[in-house]
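Worksheet: one structure, shown below.
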Amino acid sequence: MSHEGKGQEDQMSEVIFEAEKGKFEGESPLPSPAVATTPKPKPKLSATMIIPVWIVLSSTVIIYNNYLYNTLDFKYPVFTVTWHLTFAAIGTRVLQKTTSLLDGVKDVNVTKDMFLKSILPIGVLFSASLILSNTAYLYLSVSYIQMLKAFTPVAILLISWVIRIQEPSRKLAAIVLLISVGVALASHGELRFNLFGFIVQSAAVAFEASRLVMIQLLLHGLKMDPLVSLHYYAPVCAALNLLALPFTEGLAPFYELARIGPVILISNASVAFLLNIAAVFLVGAASGLALTLAGVFKDILLITGSVLIFGSPVTPLQVFGYSIALGGLVTYKRIGLK
1 MSHEGKGQED QMSEVIFEAE KGKFEGESPL PSPAVATTPK PKPKLSATMI IPVWIVLSST
61 VIIYNNYLYN TLDFKYPVFT VTWHLTFAAI GTRVLQKTTS LLDGVKDVNV TKDMFLKSIL
121 PIGVLFSASL ILSNTAYLYL SVSYIQMLKA FTPVAILLIS WVIRIQEPSR KLAAIVLLIS
181 VGVALASHGE LRFNLFGFIV QSAAVAFEAS RLVMIQLLLH GLKMDPLVSL HYYAPVCAAL
241 NLLALPFTEG LAPFYELARI GPVILISNAS VAFLLNIAAV FLVGAASGLA LTLAGVFKDI
301 LLITGSVLIF GSPVTPLQVF GYSIALGGLV TYKRIGLK
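Residue numbers (UniProt numbering): 1 to 338.
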């Protein structure tokens with residue numbers, strides 16, 4: 001492979017690494033925006049301490065989110081995402097004033113031109129991804145959504161090939177085929193397949209992949225960890241979602257707030273925000289491969305939990321297909337680290 005080709009593959013490995021972080025954090029109602037480069041080290045905890053905490057928080061947020069939509073029958077994903085983003089916008093600013101977790105904000109100079117050409121378009125993709133991924137919970141099981149999200153790295157590679165920032169190779173094509181076959185088998189084995197839900201989740205994956213590629217193109221070189229990214233994107237996305245709310249859900253969710261109660265709303269947003277804080281320490285403590293393996297373990301726990309808690313059926317064909325897809329993800333990360 002030429003030096004240029006190797007450099008492109010290393011660059012794409014970096015994007016996939018961010019996709020994995022985005023995927024992990026993206027499992028929550030409020031995924032942290034992935035960033036273009038590895039952030040500056042924060043106060044570190046050991047990987048053995050932070051990975052279990054992150055797994056518990058990430059799994060809790062997903063299960064809590066599904067509980068809110070389907071058990072409590074609060075079927076308003078646009079409102080929920082807007083509320084979480086508003087909570088995050090306030091939370092990051094409180095942390096900026098009271099802790100050192102957002103000291104990285106001082107290193108990022110967001111000009112008007114940068115906001116209009118980079119932050120805003122990426123924020124639009126982020127909002128679309130959040131709303132669509134949350135809407136999918138109304139139609140698909142938690143376990144099946146986790147399986148479909150395994151296609152995100154493939155979507156990133158396909159977009160990168162189309163816009164020519166990455167040249168196809170046989171090795172990458174084989175991995176794309178492996179993951180695609182695995183996800184296809186998992187879909188074929190889904191007993192409660194819903195076409196609309198599948199389309200919505202697929203669109204969410206496409207928007208998320210586009211966002212990650214755009215970050216690599218427009219914000220390459222900026223040192224922004226998950227909380228610093230959230231500090232900038234949360235207000236933008238909250239405003240965008242607020243503009244969409246009257247045309248999507250109207251006033252209906254506000255009439256339901258008394259039934260849901262402040263405890264549910266605040267605790268749900270708090271757990272999602274704590275997940276973003278945990279992500280800062282996770283990125284500083286764990287390698288890319290460790291993140292991938294931790295995500296695989298968490299997904300297995302989530303799928304098992306979905307079966308036990310919500311009674312979601314999982315067929316042997318789905319287990320087989322998802323195993324193939326996960327094998328492709330781990331293989332890509334191992335290749336990228338060589």
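Cβ atoms here follow ideal geometry from the backbone N, Cα and C, with glycine treated the same way. All figures in this text were calculated on a predicted structure; none of them were measured in a lab.
Proximity of residue i and residue j at Cβ, strictly below 8 Å
{"i": "Asn194", "j": "Tyr137", "result": "no"}
{"i": "Ala209", "j": "Ala155", "result": "yes"}
{"i": "Met224", "j": "Val108", "result": "yes"}
{"i": "Asn268", "j": "Val78", "result": "no"}
{"i": "Leu308", "j": "Asn276", "result": "no"}
{"i": "Leu282", "j": "Ile50", "result": "yes"}
{"i": "Val263", "j": "Leu101", "result": "no"}
{"i": "Ile324", "j": "Leu178", "result": "yes"}
{"i": "Phe310", "j": "Asn66", "result": "yes"}
{"i": "Gly197", "j": "Leu140", "result": "yes"}
{"i": "Glu249", "j": "Tyr76", "result": "yes"}
{"i": "Leu125", "j": "Phe207", "result": "yes"}
{"i": "Gln201", "j": "Ser133", "result": "yes"}
{"i": "Thr331", "j": "Ile175", "result": "yes"}
{"i": "Cys237", "j": "Gly123", "result": "yes"}
{"i": "Ile55", "j": "Phe297", "result": "yes"}
Residue i, DSSP secondary structure in three states
{"i": "Pro235", "result": "helix"}
{"i": "Arg259", "result": "helix"}
{"i": "Arg93", "result": "helix"}
{"i": "Tyr139", "result": "coil"}
{"i": "Glu208", "result": "helix"}
{"i": "Val319", "result": "helix"}
{"i": "Thr98", "result": "helix"}
{"i": "Ala244", "result": "helix"}
{"i": "Val200", "result": "helix"}
{"i": "Asn194", "result": "coil"}
{"i": "Asn65", "result": "helix"}
{"i": "Ala150", "result": "coil"}
{"i": "Pro29", "result": "Model confidence at Pro29 stands at a pLDDT of 42, short of 50, so the residue's coordinates are unreliable and nothing is read from them."}
{"i": "residue 342", "result": "The structure shown does not extend to residue 342, since the chain spans only 1 to 338, so no value can be given for it."}
{"i": "Arg164", "result": "coil"}
{"i": "Ser169", "result": "coil"}
{"i": "Pro313", "result": "coil"}
{"i": "Tyr332", "result": "helix"}
{"i": "Tyr76", "result": "coil"}
Straight-line Cα distance separating residue j from residue i
{"i": "Leu326", "j": "Phe151", "result": "10 Å"}
{"i": "Val162", "j": "Arg211", "result": "15 Å"}
{"i": "Lys106", "j": "Val53", "result": "28 Å"}
{"i": "Leu130", "j": "Leu243", "result": "15 Å"}
{"i": "Gly205", "j": "Ala88", "result": "First, the residue type needs correcting, since residue 205 is Val and not Gly in the sequence shown. Answer to the nearest angstrom: the Cα atoms are 22 Å apart."}
{"i": "Leu329", "j": "Leu222", "result": "26 Å"}
{"i": "Lys333", "j": "Leu85", "result": "30 Å"}
{"i": "Pro313", "j": "Asp103", "result": "46 Å"}
{"i": "Thr98", "j": "Phe273", "result": "16 Å"}
{"i": "Lys112", "j": "Gln166", "result": "30 Å"}
{"i": "Thr82", "j": "Thr60", "result": "20 Å"}
{"i": "Ser32", "j": "Ser58", "result": "Legend: pLDDT at Ser32 = 42, less than 50; position of this residue unreliable, no value from coordinates given."}
{"i": "Leu251", "j": "Tyr233", "result": "25 Å"}
{"i": "Val319", "j": "Ala186", "result": "7 Å"}
{"i": "Phe17", "j": "Lys149", "result": "Its pLDDT being 45, under 50, Phe17 is placed unreliably by the model, and the measurement read from it follows with that caveat. Taking the straight line from one Cα to the other gives about 15 Å."}
{"i": "Thr239", "j": "Pro316", "result": "Here residue 239 turns out to be Ala, not Thr, going by the sequence shown. Distance between the alpha carbons of Ala239 and Pro316 is about 43 Å."}
{"i": "Ser28", "j": "Ile62", "result": "For Ser28, the pLDDT reaches just 42, beneath the cut-off of 50, and the residue's location in the model is therefore unreliable, leaving the point undetermined."}
{"i": "Pro253", "j": "Arg164", "result": "43 Å"}
{"i": "Ala128", "j": "Leu68", "result": "20 Å"}
{"i": "Val228", "j": "Val110", "result": "12 Å"}
{"i": "Pro153", "j": "Ser160", "result": "11 Å"}
{"i": "Leu265", "j": "Asp73", "result": "14 Å"}
{"i": "Thr135", "j": "Gly295", "result": "22 Å"}
{"i": "Ile300", "j": "Leu291", "result": "14 Å"}
* Counting pairs of beta carbons, one from the region 110–118 and one from the region 256–276, are three or more of them closer than 8 Å? -> no
* Asked: With a cut-off of 8 Å, do at least 3 Cβ pairs link the region 300–308 to the region 172–187?
  -> no
* Asked: Within the chosen definition, does the region 169–180 reach the region 90–98 through at least 3 CB pairs nearer than 8 Å?
  -> no
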